[in-house]
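Trainee: In the numbering used here, the protein residues as written are 6 to 256. We put the beta carbon where it would ideally sit given N, CA and C, even for glycine.
What follows is the structure in structure tokens.
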């Protein structure tokens with residue numbers, strides 16, 4: 006297991022940061038938001054392609070992940086990762102050359118560290134995975150199969166023949182990538198924005214339709230929302246409140 010260092014930081018919402026070596030470059034940052042009350046539930050939040058968690062207290066327009074942390078911190082131990090990347094201002098340059106397997110390895114090592122060093126007791130795990138975060142979860146079978154419930158938002162499973170992004174061009178073949186979800190026995194709720202122009206609905210449905218061994222599952226359409234469940238007409242994000250609601254269903 007990589008050597009880690011703990012970096013406590015003082016926020017209104019208390020958080021600890023741990024850093025472990027990335028298999029790609031630099032370090033993976035593990036953000037842990039302890040539950041306000043004693044609990045046996047933990048949740049892993051996985052952001053999309055180029056997504057980076059930036060902790061914050063307040064603001065008029067907090068990001069969906071910070072909104073979700075605010076909603077869940079009463080009853081969940083919350084974890085979110087910033088996987089290894091270059092220190093570059095341009096988000097694409099920061100991940101230049103990183104392959105899909107590198108990303109999966111970073112996530113799996115960070116998750117193993119959480120279970121072995123932070124939450125040593127038995128916890129019920131759930132996940133919220135948006136866009137490429139859900140795709141990555143498919144490639145992390147050791148992580149996926151620990152989960153009792155998963156809320157997936159706008160995730161796809163197919164390669165683009167024209168992409169120049171190594172993270173996407175090095176995806177496993179679709180059949181291989183879907184093996185983990187086809188063996189998944191927890192609950193899966195897949196949220197799809199009807200105005201999603203980023204990932205095809207066919208690619209998203211392949212994930213849902215492969216999850217045939219789930220304890221329970223549901224495909225939920227939101228016709229007026231986009232890829233990340235934003236309302237384009239008024240700029241309001243519904244991601245956090247919907248993810249919270251369907252985590253409760255999946256529990």
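How many angstroms separate the CA atom of residue 10 from the CA atom of residue 121?
Mentor: In the chain shown, the residue the question calls residue 10 occupies position 5. In the chain shown, the residue the question calls residue 121 occupies position 116. With a pLDDT of 47 at residue 10, under the threshold of 50, the modelled position of this residue cannot be trusted, and the question is left open.
Trainee: Using the beta-carbon count (16 or more within 10 Å), is residue 259 buried or exposed?
Mentor: Nothing about residue 259 can be read from this structure; the chain reaches only from 6 to 256.
Trainee: Taking only the alpha-carbon atoms, compute the straight-line gap between residue 113 and residue 147 and give it to the nearest angstrom.
Mentor: For the purposes of this step, residue 113 is taken as residue 108 along the chain shown, with counting starting at 1. For the purposes of this step, residue 147 is taken as residue 142 along the chain shown, with counting starting at 1. The straight-line gap from Cα to Cα measures roughly 7 Å.
Trainee: For the candidate residues 247, 242, 204 and 22, whose alpha-carbon lies nearest to that of residue 83?
Mentor: Along the chain shown, read from residue 1 onward, the residue named residue 83 stands at position 78. Selected option, being the one with the closest Cα: 22.
Trainee: Helix, strand or coil, according to DSSP, for residue 116 in the structure here?
Mentor: On the chain shown, position 111 is the one that residue 116 refers to. Correct three-state label for residue 116: helix.
Trainee: According to the Cβ coordinates, are residue 81 and residue 46 closer than 7 Å?
Mentor: Within the chain shown, numbered from 1, the residue matching residue 81 stands at position 76. Within the chain shown, numbered from 1, the residue matching residue 46 stands at position 41. Closer than 7 Å, so yes.
Trainee: State the DSSP-derived secondary structure class of residue 105, mapped to helix, strand or coil.
Mentor: Reading the chain shown from its first residue, position 100 is the one you call residue 105. DSSP places residue 105 in helix when its eight states are reduced to three.
Trainee: Sort 188, 177, 26 and 228 by Cα distance to residue 152 and report the nearest one.
Mentor: Translated into positions along the chain shown, residue 152 becomes position 147. Cα-wise, what sits closest to residue 152 is 188.
Trainee: Give me the Cα-Cα distance between residue 238 and residue 231, rounded to the nearest whole angstrom.
Mentor: Walking along the chain shown from the start, residue 238 turns up at place 233. Walking along the chain shown from the start, residue 231 turns up at place 226. Straight-line Cα distance between these residues: approximately 10 Å.
Trainee: Straight-line CA distance for residue 20 to residue 39?
Mentor: In the chain shown, the residue the question calls residue 20 occupies position 15. In the chain shown, the residue the question calls residue 39 occupies position 34. Distance between the alpha carbons of residue 20 and residue 39 is about 7 Å.
Trainee: I'd like the ranges of any beta strand (DSSP E) spanning at least 3 consecutive residues and lying wholly in the segment 24-96.
Mentor: Runs of the beta strand (DSSP E) inside the segment 24-96: 32-38, 46-51 and 82-87.
Trainee: CA-CA distance, residue 185 and residue 144?
Mentor: Counting from one through the chain shown, the residue named residue 185 turns up at place 180. Counting from one through the chain shown, the residue named residue 144 turns up at place 139. Straight-line Cα distance between these residues: approximately 7 Å.
Trainee: Could you check which residue in 192, 211, 34 and 95 has the C-alpha nearest to that of residue 119?
Mentor: Taking the chain shown and counting its residues from 1, one reaches residue 119 at position 114. Among 192, 211, 34 and 95, the Cα nearest to that of residue 119 is on 34.
Trainee: Residue 226 and residue 135 look like a contact to me (Cβ under 8 Å); what is the Cβ gap, rounded to whole Å?
Mentor: Looking up residue 226 in the chain shown gives position 221. Looking up residue 135 in the chain shown gives position 130. With a Cβ gap of about 16 Å, residue 226 and residue 135 do not count as contacting.
Trainee: When DSSP labels each residue in this structure, what does residue 206 get in the three-state scheme?
Mentor: Within the chain shown, numbered from 1, the residue matching residue 206 stands at position 201. It is helical.
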